[in-house]
Each structure stands twice: as structure tokens, then as C-alpha cells.
Amino acid sequence: MPVDLKQKIYVAGHRGMVGSAIIRTLKEKGYQSIVTRTHTELDLTNQAAVQSFFEQEKPDQVYLAAAKVGGIYANNTFPAEFIYQNLMMESNVIHQAFVAGVKKLLFLGSSCIYPKLAPQPMAENALLTGQLESTNEPYAIAKIAGIKLCESYNRQYGQSHGIDYRSVMPTNLYGPGDNYHPENSHVIPALIRRFHEAKESNSPQVMIWGTGTPRREFLYVDDMATASIFTMELDKSIYDAQTEPMCSHINVGFGSDVTIAELAKAVSAAVGYQGAIGFDPSKPDGTPRKWMDSTRLNRLGWNPRVHLNDGLQLAYHEFLQRLASE
29 MPVDLKQKIY
39 VAGHRGMVGS
49 AIIRTLKEKG
59 YQSIVTRTHT
69 ELDLTNQAAV
79 QSFFEQEKPD
89 QVYLAAAKVG
99 GIYANNTFPA
109 EFIYQNLMME
119 SNVIHQAFVA
129 GVKKLLFLGS
139 SCIYPKLAPQ
149 PMAENALLTG
159 QLESTNEPYA
169 IAKIAGIKLC
179 ESYNRQYGQS
189 HGIDYRSVMP
199 TNLYGPGDNY
209 HPENSHVIPA
219 LIRRFHEAKE
229 SNSPQVMIWG
239 TGTPRREFLY
249 VDDMATASIF
259 TMELDKSIYD
269 AQTEPMCSHI
279 NVGFGSDVTI
289 AELAKAVSAA
299 VGYQGAIGFD
309 PSKPDGTPRK
319 WMDSTRLNRL
329 GWNPRVHLND
339 GLQLAYHEFL
349 QRLASE
């Protein structure tokens, strides 16, 4: 079925790393009518404001990439904010999209929806089979609720109203628009900043927390954007054939993982740091492995294009541009 490039598309969370990548990719594909709102312009936790927005704009499609996100410290310190704000954003956007007659919506979740001891790689059917990681359980519960909201609206209103709400679950993302905060960033931006600062100060060694043995999977954010749009554009009969009404979400991963030690070496090379890399085994390692099973999406015809070494080069280049503009 041909894609209508004139459809009005609302991207919620367009200033975030994923939302901005989705907008870049939509524009590259030729979509002509993209609607955005900043948080100041539209508070997605405000039901009346969201209702008014949908009544006014009446978009044809919605990409729900807006979320309150943070690292372990933030999740542990503000659990009430994380569960409340994410639940409210999802509930308001998904429900008001339905009320306004939006037929197609894509909800973006997180790999933290899976049990902390889920078999590796983590397949979609591992959802709700075990205990969640305690440090980000409130956030994970909210993301699970988003999946179930989409599924529930499909089950109740899919045939009668012709709606088709889908969900994608990304692995660890990195790239343009990432957060390089010294304390609240994720592993790749944190390592980029540390290796860059070590290079600038001629530091002889960079110490990494833990043993370096945990394995993690990383996906360049523009690959996540192409996967999101690919999933949204899939014909419903094809999507339905690869999913189930109550297990309809799709994992988006790179397909392989690396150790933290291998990652540190790759980031060091991308930055051009010449010193030594050390590991501090007295510091925690975290989960031994987090690896997504992306077989479902691969079967549908999508595969990532940006390999880790290339993606790290692109990410570091964007980091340098950001430093220069500060």
C-alpha cells in the first residue's frame, strides 16, 4: 500500500534524542506536514490541554516519543515523578488521539520492561514473566502500561473504529541529541565525555567502573528512527501476522552486543585518546547482560545500518559541535 506523504504527523517529544531523529528521518522520506509542541507550549500531563491540542490539530498519525527519562540516581530519587508523569503522558496522548479519530499511533517504550533475569536475548514474550529491575521499576511499569493501552484500544476499538496502535521497544540508544551530563548520562555519552576530557588534559589513564565484563547492546538513534517509521508504515495484515493481540510490541536492537571493556576501547579509539584504560572491580557491574531479540522485526524486513564504530565517530563529532556552540 503506497505511503501518503501528505498525512499530518504529530511527533510528541520532538526535542528528545529519539523524537528529533524521527523528525529528521520523516523529512528525509518526504513527509510534508509534521506537527510539534514544546513542553512549554503543551504539557502532556494536562488532560484538558492535550484534549484541546488534538481537537485543534487533528493529526493523522502520532509518534509518542515523549517521556520523563533519567539514570539510576534519578529513577531512585524521584520514583513518584517517573511513574506519574509517564503514565499521564501516555494515557492522555493515546486516549485523546483515539477521541480525535487518529487511526495510527506508535508508542516508544524501553528495554527495561523485561524482567531483570529474562533469558538472553530478551524476546517479546518475556514481558510480564518475572520481577523487574528494582532501580527503574516505576518507569518500567509506566512503559508496560503504554503497551497495554495500545493493545487494549486495538482490542476494543480496532474493528469498530479502524484504529491501529503499535509499540516498539528499543535497546540502548546513542547518537545526536544524547545527554552528556557528567552525572546523569548513560554509558556511551558518559564514556565519550570522559575520554575527551582525558585526551584534552593528557591524562595517562581512564578508570571504568566494574570489571568490564557485562555485555550491552547499542543502537544508533537514526537506526531507531528508521525502525519506528518502518514499523508504522507496515501494512496491517503483515504486522498482525507477526504479532499477537496481547503481545503486539516489537523489539528494536542491533542484533549483537559487546562487553563494556570492548565498548570502552571503541570509544577511546573514536575520541583519539592514547592513554591506558583501567577497570575498578570494587564498583558495581550491574546486570551481566541485556540483549534484545530483534528476530520479529528482522523477519518483517528491517535491519540496522550503522555499526558501532561508525556510530561512535558520528556521536563524537556531534559532541564536539555541541561543545563548540556552548
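The opening residue of the sequence shown carries number 29 in our numbering; numbering runs sequentially from there. We treat Cβ as the ideally placed atom computed from N, Cα and C, and that holds for glycine.
Cβ of residue i within 8 Å of Cβ of residue j?
i, j, result
"residue 248", "residue 299", "no"
"residue 134", "residue 91", "yes"
"residue 320", "residue 210", "no"
"residue 241", "residue 294", "no"
"residue 259", "residue 196", "yes"
"residue 219", "residue 292", "yes"
"residue 126", "residue 236", "no"
"residue 282", "residue 246", "yes"
"residue 244", "residue 206", "no"
"residue 181", "residue 122", "yes"
"residue 314", "residue 212", "no"
"residue 274", "residue 179", "yes"
"residue 159", "residue 143", "yes"
"residue 88", "residue 36", "yes"
"residue 146", "residue 83", "no"
"residue 114", "residue 164", "no"
"residue 49", "residue 192", "no"
"residue 39", "residue 261", "no"
Where does residue i fall in DSSP's three states?
i, result
"residue 146", "coil"
"residue 226", "helix"
"residue 306", "strand"
"residue 268", "helix"
"residue 54", "helix"
"residue 293", "helix"
"residue 78", "helix"
"residue 323", "helix"
"residue 333", "coil"
"residue 215", "helix"
"residue 287", "strand"
"residue 11", "Look at the range of the chain in this structure, 29 to 354, and you will see that residue 11 is not part of it."
"residue 69", "coil"
"residue 159", "coil"
"residue 46", "helix"
"residue 207", "coil"
"residue 151", "coil"
"residue 262", "coil"
Per DSSP, which one or two residues make a beta bridge with residue i?
i, result
"residue 198", "280"
"residue 247", "201"
"residue 192", "132"
"residue 91", "39 and 134"
"residue 275", "272"
"residue 318", "244"
Starting from residue i and walking both ways along the beta strand (DSSP E), at which residues does that stretch end?
i, result
"residue 236", "233-237"
"residue 38", "36-40"
"residue 62", "61-63"
What residue range is occupied by the uninterrupted alpha helix (DSSP H) comprising residue i?
i, result
"residue 175", "165-189"
"residue 349", "336-353"
"residue 112", "107-127"
- Message: When you compare the segment 101-108 with the segment 65-84, are there three or more beta-carbon pairs, one atom per stretch, that lie closer than 8 Å?
- Response: no
- Item | At least 3 beta-carbon pairs within less than 8 Å: the segment 193-204 vs the segment 132-147 | yes
- Message: Within 8 Å, do at least three Cβ pairs link the segment 68-77 to the segment 257-273?
- Response: no
- For the segment 168-179 against the segment 223-234, are there 3 or more C-beta pairs whose distance is under 8 Å? no
- Sufficient close CB pairs (3 or more, under 8 Å) joining the segment 112-121 to the segment 80-97: yes
- Message: Does the contact criterion of 3 or more C-beta pairs under 8 Å hold for the segment 249-256 versus the segment 328-335?
- Response: yes
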